[in-house]
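Data first, discussion second: the structure below is written as structure tokens.
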Amino acid sequence: MTMEIVTVPCRTDNYAFLLHEGGRTALVDAPEAAPVLDALSERGWSLDEVWITHHHPDHVEGLPDLRKAHPGLSVTGGREDAHRLPRLDREVGDGDAFQFEGHEVRVIDVSGHTIGHIAFHVPDADAAFTADSLMALGCGRVFEGTPEMMWQSLSKLAALPDQTVIYSGHEYTLNNGRFALTVEPGNDALKKRVAAVEAARAEGRFTVPSTLAEEKATNPFLRASLQEVKEAISMPHADDAAAFAEIRSRKDAF
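For what it's worth, full-length UniProt numbering labels the leading residue of the sequence shown as 1, then goes sequentially.
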């Protein structure tokens, strides 16, 4: 089996993702309906499932129109978030798994940006859909959780295999990269990546997805446990979560 994954740009800077296998199609997040319906139509696909990562409007607002266009679709979302999500057909939580056309889909709680935010990991496709938790060269703002909670969530994602492709929810990579250089200006891998991101955006190309290996080499939020990063932010003796909190605070003010 070879799952096809299609990146669908939505709204101003959101991404949704179509997963297609064996004649069935799933969508991760529903920022708006029209671009998703167009992508489906171009490929002659129908929509069978929608997997929601968290409750923010820019991840769910397209769902009513998608239900109208594909009335049989099934919607999966987080059990802890169900009270503020659109109607769910399947509620899932941390450690749960379900099947999509022969692929196991594992659910990971990645609370921090919101409480109840989940990610979907498809191991045999080397894919993780992380929305606003781990992002390309960044991570989401900590709106509802705590820095400690977000650090724990990022640590779970960092433990996935390095070849895992990270499908995150927004085109924020250029700004994230420019901030990352303020933390690690001497990181050669980061400098090369930011230059590549600048070139991609100048040409109108996506910078999402990325690999976990890339993120571990260049993303300051994943690198907060490293001694050289702690020294770079003048916190050589800080614990990992405190170092992460300092980096997140700096990014919030960037």
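Don't be surprised by glycine CBs; every beta carbon is placed ideally from N, CA and C.
Distance, Cα to Cα, Ile5 vs Ala127? As a first step, residue 5 is located in the sequence shown; it is residue number 5 there, counting from the start. As a first step, residue 127 is located in the sequence shown; it is residue number 127 there, counting from the start. Computed Cα separation, rounded: 9 Å.
Rounded to whole angstroms, what is the Cα-Cα separation between Ala82 and Arg90? The residue given as residue 82 occupies position 82 in the sequence shown. The residue given as residue 90 occupies position 90 in the sequence shown. Spanning the two alpha carbons is a distance of roughly 10 Å.
What are the start and end residues of the alpha helix (DSSP H) that includes Pro9? Residue 9 sits at position 9 when you count from the first residue of the sequence shown. Where Pro9 is concerned, there is no enclosing alpha helix (DSSP H), although the beta strand (DSSP E) it sits in stretches over 4-10.
Taking all protein chains shown into account, decide if His56 is buried (16 or more other Cβ within 10 angstroms of its Cβ) or exposed. Here the question's residue 56 lines up with position 56 in the sequence shown. Answer is buried; the Cβ neighbour count reaches 16.
To the nearest angstrom, how far is it from the Cα of Val107 to the Cα of Ser234? Within the sequence shown, residue 107 is the residue found at index 107, counting from 1. Within the sequence shown, residue 234 is the residue found at index 234, counting from 1. Going from the Cα of Val107 to the Cα of Ser234 covers about 36 Å.
First and last residue of the beta strand (DSSP E) that includes Gly78? The count along the sequence shown starts at 1 and reaches residue 78 at position 78. Residues 74-78.
Alpha carbon of His237 to alpha carbon of Arg223, nearest angstrom: For this step, residue 237 is matched to residue 237 along the sequence shown. For this step, residue 223 is matched to residue 223 along the sequence shown. Roughly 15 Å between the two C-alpha positions.
Inter-residue Cα distance where the pair is Glu215 and Gly102: In the sequence shown, residue 215 corresponds to position 215, counting from 1. In the sequence shown, residue 102 corresponds to position 102, counting from 1. The straight-line gap from Cα to Cα measures roughly 29 Å.
Nearest-angstrom Cα distance between Lys68 and Leu47? Translated into the one-based positions of the sequence shown, residue 68 becomes position 68. Translated into the one-based positions of the sequence shown, residue 47 becomes position 47. The alpha-carbon atoms of Lys68 and Leu47 are separated by roughly 11 Å.
Residues near Asp29 by beta carbon distance below 7 Å, same chain, minus five either side: Along the sequence shown, one-based indexing puts residue 29 at 29. So the qualifying residues of the chain are Ala16, Ile52, Thr53, His59, Ala131, Gly169.
Considering only residues of the same chain and omitting the five flanking positions on each side of Pro209, which have a CB-CB separation below 6 Å? Here residue 209 is taken as the residue at index 209 of the sequence shown, counted from 1. Val165, Ile166, Tyr167.
Please work out which residues of its chain come closer than 6 Å, Cβ to Cβ, to Val110, disregarding the five sequence neighbours upstream and downstream, and give them in chain order. The residue given as residue 110 occupies position 110 in the sequence shown. His117, Ala119, Ser133, Ser153.
Considering only C-alpha positions, which residue in the set Thr207, Glu61, Arg43 is nearest to Val50? As a first step, residue 50 must be located in the sequence shown, where it is residue number 50. For the residues Thr207, Glu61, Arg43, the minimum Cα distance to Val50 belongs to Glu61.
Anticipated Cβ contact below 8 Å, Met150 with Gly112, distance rounded: By one-based count along the sequence shown, residue 150 stands at place 150. By one-based count along the sequence shown, residue 112 stands at place 112. About 3 Å separates the two Cβ atoms, so the contact holds.
What are the complete alpha helix (DSSP H) segments, minimum 4 residues, inside the stretch 28-66? 33-43, 57-60
Collapsed DSSP secondary structure at Arg115 in the structure displayed: For this step, residue 115 is matched to residue 115 along the sequence shown. With the sequence shown as reference, residue 115 is identified as Ile, and Arg is not the correct amino acid for it. Note: Ile115 maps to coil in three-state DSSP.
List the endpoints of the continuous beta strand (DSSP E) containing Ser168. Counting from 1 along the sequence shown, the entry for residue 168 is found at position 168. Element bounds for Ser168: 165-168.
Suppose you measure from the CA of Gly72 to the CA of Leu66; what does that come to, to the nearest Å? For the purposes of this step, residue 72 is taken as residue 72 along the sequence shown, with counting starting at 1. For the purposes of this step, residue 66 is taken as residue 66 along the sequence shown, with counting starting at 1. C-alpha separation (whole angstroms): 10 Å.
Minimum C-alpha distance to Gly93 - residue among Met135, Leu40, Phe100, Arg79: Position 93 of the sequence shown, counted from the start, is the residue given in the question as residue 93. Per the Cα distances, Arg79.
Considering only their Cβ atoms, is the gap separating Leu190 from Thr218 smaller than 8 Å? The count along the sequence shown starts at 1 and reaches residue 218 at position 218. The count along the sequence shown starts at 1 and reaches residue 190 at position 190. Taking 8 Å as the Cβ cut-off, Thr218 and Leu190 qualify as a contacting pair.
Can you tell me whether DSSP reads Ser153 as helix, strand or coil? Counting from 1 along the sequence shown, the entry for residue 153 is found at position 153. Looking at Ser153 - three-state DSSP - the assignment turns out to be helix.
Residue closest to Met135, alpha-carbon to alpha-carbon, out of Asp240, Ala213, Glu203: The residue given as residue 135 occupies position 135 in the sequence shown. When each option's Cα is compared against that of Met135, the closest is Ala213.
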